[in-house]
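In this note's numbering, the protein residues as written are 133 to 430.
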C-alpha cells in the first residue's frame with residue numbers, strides 16, 4: 133500500500149504489488165486520474181478497478197502507464213528502480229500536497245482496505261496491528277479506526293475485498309469464454325494458487341473460517357461469501373443440464389462436492405501438505421464432474 137508524504141515514497145515491501153505501484157504513479161502525475169486514463173488509452177473505470185486490484189493490468193497497459201508516468205516497466209512490475217517523481221516536487225512550480233490532501237476519501241478507504249487485506253493475508257489476523265495498517269498506507273491510526281472500528285471489521289472487510297476481486301477476475305474470464313464448459317474450465321483456473329495474490333486470497337478465506345468457528349458473529353459474512361461462490365458453480369451446472377449434459381444428475385450435490393474439493397485442495401496447497409500443488413489440483417478438478425460433464429479437451 134502506498135505511503136504518499138509530500139514526495140514519492142517506496143511502497144511498503146511486504147504489501148507491494150503492481151497495482152500499488154501503478155496507483156502511486158497515477159497519484160504522482162501532474163494530471164487527474166481521468167486524464168491519465170485517456171492518455172494511456174484506458175476506460176477510466178477500468179483504470180480505477182486496476183488500481184484497486186480488482187482488474188489485472190494487461191502488458192500493453194503496463195507499458196502505457198510506465199510511459200505516461202515516466203517510470204520504467206521494471207519499476208512497475210518489481211519495484212526496482214527509480215520511483216515516480218512526486219507531484220508538486222522541487223522545481224515544479226506547484227505547492228507540495230499535504231498527506232491529508234493526497235487522495236480523496238474513496239481512494240483512501242480503498243488503500244486502507246487493500247493494506248488491511250494483504251497484511252492479514254501475509255502476517256495473520258492476530259499479528260496485524262492498527263499501527264501496521266496505518267504505516268503501510270501512510271495515514272493515522274485514527275483514520276484506520278474510522279473505517280474499521282474493530283479488528284473483526286477489518287477481517288470482514290478483507291474477506292469482502294478478496295471475494296470482490298475474485299468475482300471481478302471471474303467475470304473477465306467468462307466474457308471471453310465461448311461455452312458453458314469453457315466457463316467451468318476458466319472457473320478452475322481462477323481458483324488455483326499460482327501467484328502471491330492468489331495465496332493472499334486463500335489465506336484470508338481460510339482465516340475467516342478459523343475465526344467464524346470461534347466467533348458466531350463472523351459466520352454470517354463468511355457464509356454470504358461462500359453462498360455467492362457456490363451459486364456461480366450451481367448456475368453453470370444447471371446451464372449445462374439445459375444444454376443436454378448431466379441430465380438426471382443432482383446439480384446441488386455436484387456443486388457441493390466441487391466446492392468442497394476446491395476448498396480442501398487449496399488448503400493443502402497453501403499449507404504445503406503432502407504432494408498437492410496447483411498443477412495436481414487442476415488435474416483433479418478437471419475430473420470433478422465426470423462422468424456427467426467432461427472438461428478435458430480432446
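Here a beta-carbon is modelled for each residue, glycine too, at the ideal position from N, C-alpha and C.
Here the structure is a predicted model, which means the values were calculated and not measured.
Nearest to residue 377 by alpha-carbon distance, out of 286, 344, 247, 423, is 423. Taking residue 371 as the centre and dropping the five residues before and after it, the same chain places the C-beta of 312 closer than 7 Å to its C-beta, in chain order. Cβ neighbours of residue 326 within its own chain (closer than 6 Å, five residues either side excluded): 410. With a 10 Å radius around the Cβ and a threshold of 16 neighbouring Cβ atoms, residue 346 comes out exposed.
When the beta-carbon positions are compared, residue 242 and residue 208 stay at least 8 Å from each other. Sorting 349, 151, 335, 386 by C-alpha distance to the C-alpha of residue 181 places 151 at the top. For residue 362, same chain residues with a beta-carbon under 7 Å away, outside a window of 5 residues either side, are 387, 391 in chain order. The alpha helix (DSSP H) runs of length 4 or more contained entirely in the stretch 310-379 are, from start to end of the chain, 312-323, 328-346, 351-374.
Linking residue 315 to residue 301 through their CA atoms gives a straight-line distance of about 12 Å.
A residue is called buried when at least 16 other Cβ atoms come within 10 angstroms of its Cβ; residue 288 meets this threshold and is buried. For residue 164 and residue 344, the gap between their C-alpha atoms comes out near 42 Å. Put simply, of 176, 358, 212, 351 the residue whose alpha carbon is nearest the alpha carbon of residue 284 is 351. Distance from the CA atom of residue 342 to the CA atom of residue 212, rounded to whole angstroms, is 36 Å. Of all alpha-carbon atoms in 179, 156, 160, the one lying nearest the alpha-carbon of residue 166 is that of 179. Rounded to the nearest whole angstrom, the C-alpha separation of residue 403 and residue 396 is 11 Å. Judged by their CB atoms, residue 210 and residue 185 are not nearer to each other than the 8 Å cut-off. Following the DSSP letters along the chain, one finds residue 168 inside the alpha helix (DSSP H) bounded by residues 165-172.
Judged by DSSP in its simplified three-state form, residue 283 adopts helix. If you draw a straight line from the Cα of residue 264 to the Cα of residue 328, it is about 20 Å long.
For the pair residue 336 and residue 266, the CB atoms are not nearer than the 8 Å cut-off. DSSP, reduced to helix, strand and coil, places residue 425 outside both helices and strands of the structure shown, so it counts as coil. Only buried fits residue 332, as 16 or more other CB atoms lie within 10 angstroms of its CB. Note on residue 246: 16 or more other CB atoms within 10 angstroms of its CB, so buried under the neighbour-count rule. In this structure, the straight-line span from the alpha carbon of residue 384 to that of residue 366 is close to 7 Å.
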